[in-house]
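Colleague: Going by the numbering used here, the letters in the sequence shown line up with residues 11 to 283, in that order.
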Amino acid sequence: MGIDSEDIRSIFGRNLRKLVNGDIPVTEIARNVGINRTQLNRYIYGEAFPRPDVLHRICSYFGVDARILTQCLEDIEAEQRQSVSGGGPIRTLDFEPVSENVFPDGFYIEWKQSWIYANMFTKHLLQTSTNDGTRVTRIRAPAGFRPDLKGARYQLPLIDYHGIAVNQSDGFAIFDQGRGTHGVAMTAFRKGFMNVENVFPGYKLSAVVFNRQRHHFKGPTILQYIGRNRAEILKVARNSVWLTADEMPKDILSIIELLEEEDRGLLPVPTSF
């Protein structure tokens, strides 16, 4: 038995109400998606469903896919957890999940230098959770790479980067990949750095294709733990992705500079073995 249009509107509206949970005003969401508030409210209350282009923008904004038209959000999330917990080929490498004592569940700010533009830095929200013993991570980042210096947080469309966190000596490593992309990133993190609390310094290796050219990224990446502080999470989510050096927190910038110096350091050639 098929699903009729009334069922689709009902399911879609119910899913939207869960996604639009009051953290961000409906007016702001509508503006970011490119529709007016009245139209968004019609979708929310199951009075209409969007054109394909509008649906794509809504899905990109919330980091979901078109299944929200016909499947309950809980079922979609359950399928995603099952997919991630499988680990794919990486599970055959016998990696162990990193302990929550080392890498707690919750939210982090990811700080790093821009992939492409000199003297620019980026920050994103990373969320980590535990699903059936597997430590999984998620970052939602703009698909575009042009700096938005006016402060807008979202540049649609967004790409969901999903990964796993595994144990390694004196820290942990994260392997992740953007949904619909072929690039894979690997970042190795330490447990801590000097006397700075809730900071995990690391080094990321990845690549991206931009303007038909392949850009390799290798450089310091820092995770700053903010836990489940709702006010701090919303503050980061609503701020700009792009920052200049003057806009960076001084302690984070200092750690990045120290890691760069450390990376350039070479051991002297031994005179004997």
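Idealized CB from N, CA, C, for every residue including glycine.
Of the residues Gly73, Tyr127, Leu79, which one's Cα is nearest the Cα of alanine 58?
Modeller: Against the sequence shown, residue 58 aligns to sequence position 48. Among Gly73, Tyr127, Leu79, the Cα nearest to that of alanine 58 belongs to Leu79.
Colleague: Given a cut-off of 7 Å, decide if alanine 175 and phenylalanine 117 are closer than it, judged by their beta-carbon atoms.
Modeller: As a first step, residue 117 is located in the sequence shown; it is residue number 107 there, counting from the start. As a first step, residue 175 is located in the sequence shown; it is residue number 165 there, counting from the start. No; because the gap between Cβ atoms is not below 7 Å, this pair is not in contact.
Colleague: On the DSSP bridge list, what partners appear for serine 216?
Modeller: Taking the sequence shown and counting its residues from 1, the one referred to as residue 216 is at position 206. Note: serine 216 sits in a beta bridge opposite Phe227.
Colleague: Would you list the one or two residues that DSSP bridges to glutamate 120?
Modeller: Position 110 of the sequence shown, counted from the start, is the residue given in the question as residue 120. For glutamate 120, which the question treats as bridged, DSSP gives the partners His134, Leu233.
Colleague: Between isoleucine 149 and the rest of its own chain, which residues show a CB-CB distance below 6 Å, the 5 nearest in sequence each way excluded?
Modeller: In the sequence shown, residue 149 corresponds to position 139, counting from 1. Excluding residues within five positions, the ones whose Cβ falls inside 6 Å are His134, Leu136, Tyr171.
Colleague: What's the C-alpha gap between valine 36 and leucine 268?
Modeller: Numbered from 1 along the sequence shown, position 26 holds the residue referred to as residue 36. Numbered from 1 along the sequence shown, position 258 holds the residue referred to as residue 268. The alpha-carbon atoms of valine 36 and leucine 268 are separated by roughly 42 Å.
Colleague: To which residues does DSSP link asparagine 141 through a beta bridge?
Modeller: Counting from one through the sequence shown, the residue named residue 141 turns up at place 131. DSSP lists Thr144 as partners of asparagine 141.
Colleague: First and last residue of the alpha helix (DSSP H) that includes phenylalanine 72?
Modeller: Here residue 72 refers to the residue found at position 62 of the sequence shown. Segment 62–72, the alpha helix (DSSP H) holding phenylalanine 72.
Colleague: Return the Cβ separation of glycine 237 and lysine 122 in integer angstroms, given the expectation that the two are a contact with Cβ distance under 8 Å.
Modeller: Translated into positions along the sequence shown, residue 237 becomes position 227. Translated into positions along the sequence shown, residue 122 becomes position 112. Wrong, their Cβ atoms sit about 21 Å apart, outside the cutoff.
Colleague: For serine 216 versus alanine 198, is the C-beta spacing smaller than 7 Å?
Modeller: The residue given as residue 216 occupies position 206 in the sequence shown. The residue given as residue 198 occupies position 188 in the sequence shown. Not a contact, by the Cβ cut-off of 7 Å.
Colleague: In chain order, what residues of the same chain lie with their CB nearer than 6 Å to the CB of valine 251, ignoring the 5 residues before and after it?
Modeller: In the sequence shown, counting from the first residue as 1, residue 251 sits at position 241. Only Thr132 meet the Cβ criterion.
Colleague: For glycine 181, which residues in the same chain have their Cβ closer than 6 Å to its Cβ, ignoring the five residues on either side in sequence?
Modeller: On the sequence shown, residue 181 is found 171 positions in, with the first residue counted as 1. Closer than 6 Å at the Cβ level, and outside the excluded window around glycine 181, lie Phe199, Arg200, Lys201.
Colleague: With 16 as the cutoff for other CB atoms within 10 Å, does tyrosine 71 come out buried or exposed?
Modeller: One-based indexing of the sequence shown puts residue 71 at position 61. That one is buried.
Colleague: So, for isoleucine 54: in the same chain, excluding its five sequence neighbours on each side, which residues have a beta-carbon less than 7 Å away from its beta-carbon?
Modeller: Reading the sequence shown from its first residue, position 44 is the one you call residue 54. Once the five neighbours on either side are set aside, the close Cβ partners of isoleucine 54 are Gly23, Leu26, Arg27, Val30.
Colleague: Output needed for aspartate 75: all residues of its chain with C-beta closer than 6 Å, excluding positions within five of it in sequence on either side, in chain order.
Modeller: Translated into positions along the sequence shown, residue 75 becomes position 65. The residues are Cys69.
Colleague: How long is the line joining the alpha carbons of serine 179 and phenylalanine 105, rounded to whole angstroms?
Modeller: The residue labelled residue 179 in the question sits at position 169 within the sequence shown. The residue labelled residue 105 in the question sits at position 95 within the sequence shown. Between serine 179 and phenylalanine 105, the C-alpha separation is close to 12 Å.
Colleague: Pull up the DSSP beta-bridge partners for glutamate 186, would you.
Modeller: Taking the sequence shown and counting its residues from 1, the one referred to as residue 186 is at position 176. Going by the sequence as given, residue 186 is aspartate instead of glutamate. In the DSSP output, where bridge partners are listed per residue, aspartate 186 has Gly173, Ala195.
Colleague: To the nearest angstrom, how far is the alpha carbon of glycine 143 from that of isoleucine 184?
Modeller: Here the question's residue 143 lines up with position 133 in the sequence shown. Here the question's residue 184 lines up with position 174 in the sequence shown. Their backbone Cα atoms lie some 15 Å apart in a straight line.
Colleague: Applying the criterion that 16 or more other CB atoms from any shown protein chain within 10 Å of the CB defines a buried residue, is lysine 214 buried or exposed?
Modeller: Locating residue 214 in the sequence shown gives position 204, where the first residue counts as 1. By the 10 Å Cβ count, lysine 214 comes out buried.
Colleague: Buried or exposed: which applies to proline 8, given that a residue is buried once 16 or more other Cβ atoms fall within 10 Å of its Cβ?
Modeller: Residue 8 lies beyond the stretch modelled for the chain, which goes from 11 to 283, so this question has no answer here.
Colleague: So the candidates are Asn111, Ile232, Ala255; which of them puts its Cα closest to the Cα of valine 206?
Modeller: Numbered from its first residue, the sequence shown carries residue 206 at position 196. For the residues Asn111, Ile232, Ala255, the minimum Cα distance to valine 206 belongs to Ile232.
Colleague: Using only the alpha-carbon positions, how far apart do isoleucine 21 and glycine 173 sit?
Modeller: Residue mapping note: residue 21 aligns to position 11 of the sequence shown, counting from 1. Residue mapping note: residue 173 aligns to position 163 of the sequence shown, counting from 1. Approximately 29 Å, taken between the alpha carbons.
Colleague: Just to confirm before moving on: does the CB-CB distance between aspartate 115 and threonine 147 stay below 7 Å?
Modeller: Sequence index remark: in the sequence shown, residue 115 carries index 105 (1-based). Sequence index remark: in the sequence shown, residue 147 carries index 137 (1-based). Not a contact, by the Cβ cut-off of 7 Å.
Colleague: So, using beta-carbon positions, are valine 43 and arginine 67 closer together than 7 Å?
Modeller: Walking along the sequence shown from the start, residue 43 turns up at place 33. Walking along the sequence shown from the start, residue 67 turns up at place 57. Yes; because the gap between Cβ atoms is below 7 Å, this pair is in contact.
Colleague: Hey, quick one: how far does the alpha helix (DSSP H) through threonine 37 stretch, first residue to last?
Modeller: Here residue 37 corresponds to residue number 27 of the sequence shown, with the count starting at 1. Its alpha helix (DSSP H) spans residues 36–43.
Colleague: Identify the continuous beta strand (DSSP E) that holds threonine 254 and give its terminal residues.
Modeller: As a working note, residue 254 is residue 244 in the sequence shown. Element bounds for threonine 254: 252–254.
Colleague: Out of curiosity, what's the CA-to-CA distance linking glycine 96 and proline 107?
Modeller: Looking up residue 96 in the sequence shown gives position 86. Looking up residue 107 in the sequence shown gives position 97. Because the pLDDT of glycine 96 is 47, which lies under 50, any placement of that residue in the model is unreliable, and the question is left without a value.
Colleague: Count the other CB atoms, across all protein chains shown, that sit within 10 Å of the CB of glutamate 272; report buried if there are 16 or more and exposed otherwise.
Modeller: Here residue 272 refers to the residue found at position 262 of the sequence shown. Exposed: under 16 other Cβ atoms inside 10 Å.
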